[in-house]
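A.B. asks: Just dropping this structure here.
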Amino acid sequence: MPSTKSARLAGRTVSRVGYGAMQLERLHADRDQAVALLRRAFDLGVDHVDTAQFYGNGFVNEVIREAVRPGDDVLVVSKVGADPDPGGPIPLRLAQRPEELRASVEDNLRALGLDRIPLVNLRRADRRPGVLAEGDQVVGLDDQLAVMTALRDEGKIGAIGLSSVTLDTLRRALPAGIACVQNAYSLVGRDDEDMVELCVAEDIAWVPFFPLGGAFPGLPKVTDEPAVQTVARDLGRTPAQVGLAWLLHHAPNVHLIPGTASVEHLEANLAAGDLELDADTLAALDAVPTRSLDASLG
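Residue 4 is where the sequence shown starts when you use this note's numbering, and the numbers rise one by one after that.
In structure tokens:
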């Protein structure tokens, strides 16, 4: 049984339940509350924060810069592949070209007040969910990895991750040295099981986004599953906690980055790391059918 407490990520041992900072933009009108939420997370043992410059058009990175203090030893992870677009139909636009990836890293460094970002994920745009690349935003993986590797060699980033990638893309990228993969993955959406196994074999962290499903209309929700609800009742926990705990038990390289703008919800998410699931419970959850992401999205 893998430890639900800590595991390696980008050369560091960190708590397996971190914090995804995207939801901090909901506190845009109350910066002090956003900073206080992050400080509470650190007090509770969070030492891995996932962010991006396009979260809240830079607001989230500025909050992280204010909240992280000397001695906190927090692993800050960011991503590139999109930039803020506050006036657009959605608040981001793809930025996949090599020069855009470099500029995005520089923007993250300035906003976070860092000389080096320990881990930067390259968010590809060739699979759903999310915006798909068109026109000049259809960029070859080799060209993207070349600039990411150069940024690592220059010391501006510590490690390279990938996001929203296929199994073939990950295999092609392995020679560049990949520290983690972020894909949509949950109990009810296990399309990438072969990729999880490859990441375990290659000592690559698996950091699922949408860990409870249901992020887009048409996607199933883990918390709606009768088996999950039954386990939650039996254990006196919430269905969300059961869904998160299943991920931690499923593979030893899983790191969670659930996000919230609520201290109460933050504490509930972190408590999922203390939830132990026995073999019978895991078998019941493993039997929940997985639904193809592409089929769910139509």
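Positions of the beta carbon are idealized from the N, C-alpha and C atoms, including for glycine. Just so it is clear, the structure is predicted and the values come from calculations on it, not from any experiment.
Below 8 Å CB to CB, which residues in the same chain sit around residue 205 once its five sequence neighbours on both sides are set aside?
C.D. replies: Excluding residues within five positions, the ones whose Cβ falls inside 8 Å are 177 and 181.
A.B. asks: Using DSSP bridges, identify the partner residues of residue 87.
C.D. replies: Note: residue 87 sits in a beta bridge opposite 95.
A.B. asks: Quick check on DSSP: helix, strand or coil for residue 186?
C.D. replies: Coil at residue 186, not helix or strand.
A.B. asks: Under the rule that 16 or more other beta-carbon atoms within 10 Å means buried, what is residue 84, buried or exposed?
C.D. replies: Residue 84 should be labelled buried.
A.B. asks: Any contact between the stretch 192 to 205 and the stretch 157 to 165? By contact I mean 3 or more CB pairs, one from each, below 8 Å.
C.D. replies: The stretch 192 to 205, when compared against the stretch 157 to 165, does not touch it at the 8 Å Cβ threshold.
A.B. asks: Taking the beta carbon of residue 93 as the centre, do at least 16 other beta carbons fall within 10 Å, making it buried, or is it exposed?
C.D. replies: Counting Cβ neighbours within 10 Å, residue 93 comes out exposed, since fewer than 16 surround it.
A.B. asks: Given this structure, state the Cα-to-Cα distance separating residue 238 from residue 139, to the nearest angstrom.
C.D. replies: Their backbone Cα atoms lie some 51 Å apart in a straight line.
A.B. asks: Going straight from the alpha carbon of residue 16 to that of residue 9, what length do you get?
C.D. replies: Whole-angstrom Cα-Cα distance: 6 Å.
A.B. asks: How long is the line joining the alpha carbons of residue 236 and residue 215, rounded to whole angstroms?
C.D. replies: Straight-line Cα distance between these residues: approximately 18 Å.
A.B. asks: What's the gap between the Cα of residue 147 and the Cα of residue 198?
C.D. replies: The alpha-carbon atoms of residue 147 and residue 198 are separated by roughly 21 Å.
A.B. asks: Excluding the five sequence neighbours on either side, which residues of its own chain have a C-beta within less than 8 Å of the C-beta of residue 73, listed in chain order?
C.D. replies: For residue 73, where only same-chain residues beyond five positions count, there are no Cβ hits under 8 Å.
A.B. asks: Kindly indicate which residue of 65, 194 and 103 has the alpha-carbon position closest to the one of residue 154.
C.D. replies: Comparing Cα-Cα distances from residue 154 to each of 65, 194 and 103, the minimum goes to 103.
A.B. asks: For residue 245, which option in 266, 275 and 144 has the closest C-alpha, if you only look at C-alpha atoms?
C.D. replies: Closest by alpha carbon: 275.
A.B. asks: Indicate whether the contact test is met: 3 or more Cβ pairs, each with one atom in the stretch 77 to 91 and one in the stretch 46 to 58, closer than 8 Å.
C.D. replies: Yes, they touch.
A.B. asks: Between residue 285 and residue 250, what straight-line distance do the alpha-carbon atoms span, to the nearest angstrom?
C.D. replies: One C-alpha to the other measures close to 10 Å.
A.B. asks: Counting only runs that start and end within the stretch 158 to 202, where is the beta strand (DSSP E) found for 3 or more residues in a row?
C.D. replies: For the stretch 158 to 202, whole beta strand (DSSP E) runs of length 3 or above, ordered along the chain, are 163 to 166 and 181 to 185.
A.B. asks: In whole angstroms, what is the alpha-carbon distance linking residue 218 and residue 192?
C.D. replies: Cα to Cα, the separation comes out at about 12 Å.
A.B. asks: Output the boundary residues of the beta strand (DSSP E) element that contains residue 124.
C.D. replies: 122 to 126 is the span of the beta strand (DSSP E), which, as asked, contains residue 124.
A.B. asks: Residue 208 bridges to which residues according to DSSP?
C.D. replies: Answer by DSSP bridge pairing, in chain order: 183.
A.B. asks: Exposed or buried, which one is residue 89 when buried takes at least 16 other CB atoms within 10 Å?
C.D. replies: By the 10 Å Cβ count, residue 89 comes out exposed.
A.B. asks: List the DSSP bridge partners of residue 15.
C.D. replies: Paired residue(s): 12.
A.B. asks: Any heavy atom of the ligand GTP within a distance shorter than 7 Å of the CB on residue 196?
C.D. replies: As for the ligand GTP, it is missing from this structure, which has no ligand bound.
A.B. asks: Does the separation of the CB atoms of residue 21 and residue 253 fall below 8 Å?
C.D. replies: Their beta carbons are not under 8 Å apart, which means residue 21 does not touch residue 253 by this criterion.
A.B. asks: Please report how far the alpha carbon of residue 96 lies from the alpha carbon of residue 134, in whole angstroms.
C.D. replies: Distance between the alpha carbons of residue 96 and residue 134: 9 Å.
A.B. asks: How about residue 79 and residue 121: do their beta carbons lie closer than 8 Å?
C.D. replies: Yes, the Cβ-Cβ distance between residue 79 and residue 121 is below 8 Å.
A.B. asks: Could you spell out where the beta strand (DSSP E) holding residue 51 opens and where it closes?
C.D. replies: Here the beta strand (DSSP E) through residue 51 covers 51 to 53.
A.B. asks: Which word fits residue 128, buried or exposed, when buried means at least 16 other C-beta atoms lie within 10 angstroms of its C-beta?
C.D. replies: Residue 128 should be labelled buried.
A.B. asks: Report the rounded CA-to-CA distance for residue 306 versus residue 34, giving the unit in angstroms.
C.D. replies: This structure cannot settle anything about residue 306, because the visible part of the chain is limited to 4 through 301.
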